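Participant: Numbering that gives the first Met the number 0 numbers the first residue of the sequence shown as 0 and each following residue consecutively.
Each residue gets a CB set at the ideal place from its N, CA and C atoms; glycine is no exception.
Fair warning: this is a prediction, and the values are worked out from it, not measured in the lab.
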Amino acid sequence: MKNKFIILTIAGLLLVSLAACRNEKTSNADQNTFNTTADNQSRDLTFEDLSHYAFQFCSGAGGWSTDFEIEKDGSFKGNYHDSDMGDTGDDYENGTMYLCSFSGKFTDLTKINDYTYQMKMENLTYDETPGKEEIADGVKYIYTDVYGLEGTDTFKVYLPGAPVRDLSEDVYFWVRWANDDSEEGTQDTLTIPIIVNEEMGYGIYSYERQTPYEEAQSTLNTYQASYDAAEEELKKATLQSRMDDYAMQMYDISDSCLNEIWNLVKYNTSEEKFNEILIEQRKWIADKEAAGNEILDQNDGSSAQMDSSLKMAELTMERCEELADYLK
């Protein structure tokens with residue numbers, strides 16, 4: 000039960016990515032940072048340029064996908080998911096889901112030609128150990144390695160305008176549906192930036208990323224739904240131990256939301272502004288912990304831990320909204 004609502008939150012975030020794989024989000028060539036030959040020749044690609052896109056590896060038919068975003072310093076984080084609703088058992092009658100949350104960093108972005116760059120991947124890590132299994136709400140969750148980034152630590156980036164003939168058939172298979180999704184039909188050149196895993200023959204396409212504020216609001220809404228679900232379970236609980244568990248779940252959810260939005264603030268505010276927010280954040284953390292400890296000190300009853308967790312959860316969700324507003 001410990002990770003139940005965190006799992007459900009991850010599942011909610013993955014449903015958003017699945018919508019993109021089903022073509023509910025489309026690439027927007029007009030918004031591409033590098034959109035013309037002149038652009039490609041005038042200056043070198045940077046990780047900041049790539050931070051304007053969300054990257055996705057899937058077949059275009061839905062069902063599974065790997066999704067990640069790259070930040071201005073080359074760091075990245077994302078999720079992979081797949082599901083098999085036919086794989087059931089006594090405790091998981093609703094099927095099996097394979098998933099992972101991962102992070103790492105791309106480095107050494109080096110120009111090969113006007114349309115092609117190469118980069119290294121470092122420090123690929125997972126939130127949960129691959130191979131771990133757990134069951135929640137009748138679904139078995141199996142944590143895996145990330146599909147699409149395996150088999151190599153060297154990747155190529157192809158920019159809009161790159162001739163399709165420069166890509167292998169295996170690579171273009173993965174990005175064709177996204178690249179040809181335009182009024183012109185079949186393309187001779189790329190219309191979107193893509194990342195290529197040559198070792199495995201994979202192509203990872205891109206689409207325009209939400210604005211930081213939109214991304215923060217989407218994150219906040221998703222975590223709020225899990226927060227509210229945990230709160231409803233708390234109201235129905237009759238044992239104090241279960242009430243304590245649900246209250247702690249609410250705090251864990253709020254803290255995960257805070258970390259996600261803090262990452263957006265870190266990479267999407269000026270250095271001067273971020274340092275101001277950082278000072279404010281440190282004071283807020285001290286005040287939040289003091290508020291929780293005060294409840295523990297003043298209440299020696301059985302509900303003390305629950306009340307402390309709820310207070311810190313409430314303060315943390317409020318702080319998430321405040322941080323999101325910095326991105327307007």
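1) Looking at C-alpha atoms only, which residue of 173, 275, 276, 119 is the closest neighbour of residue 155?
2) Assign residue 210 to one of three DSSP states: helix, strand, or coil.
3) In the DSSP assignment, find the unbroken alpha helix (DSSP H) run with residue 55 in it and report its ends.
4) Work out the CA separation of residue 234 and residue 285 for me, nearest whole Å.
5) Give the list of continuous beta strand (DSSP E) stretches no shorter than 3 residues that lie fully inside the stretch 186-267.
6) Mind checking which residues open and close the alpha helix (DSSP H) that includes residue 327?
7) With distance defined between alpha-carbon atoms, name the residue in 232, 265, 225 nearest to residue 251.
8) Assign residue 118 to one of three DSSP states: helix, strand, or coil.
9) Determine the direct distance from the alpha carbon of residue 302 to that of residue 280, and round the result to whole angstroms.
10) DSSP has residue 76 in a bridge; who is on the other side?
11) Which of the three DSSP states, helix, strand or coil, is assigned to residue 96?
12) If we call anything under 9 Å between Cβ atoms a contact, is residue 253 one with residue 222?
13) Can you tell me which of 277, 200, 78 puts its alpha carbon nearest to the alpha carbon of residue 126?
14) Just the C-alpha distance for residue 194 and residue 211, rounded to the nearest angstrom, thanks.
15) Spell out the partners DSSP gives residue 81 in its beta bridges.
16) Would you report the Cα separation of residue 159 and residue 186, rounded to the nearest angstrom?
17) Spell out whether any CB of chain D is found under 9 Å from the CB atom of residue 163.
18) Near residue 216, what residues of its chain come up, given a Cβ to Cβ distance below 8 Å and the 5 sequence neighbours on each side ignored?
Facilitator: The short version:
1) 119
2) coil
3) Residue 55 -> not in any alpha helix (DSSP H); beta strand (DSSP E) instead, spanning 52-56.
4) 29 Å
5) 193-196, 201-207
6) Here residue 327 belongs to no alpha helix (DSSP H), and DSSP marks it neither H nor E.
7) 225
8) strand
9) 28 Å
10) 68, 102
11) strand
12) yes
13) 78
14) 22 Å
15) 97
16) 11 Å
17) Absent from the structure is chain D; it holds one protein chain and no more.
18) 323
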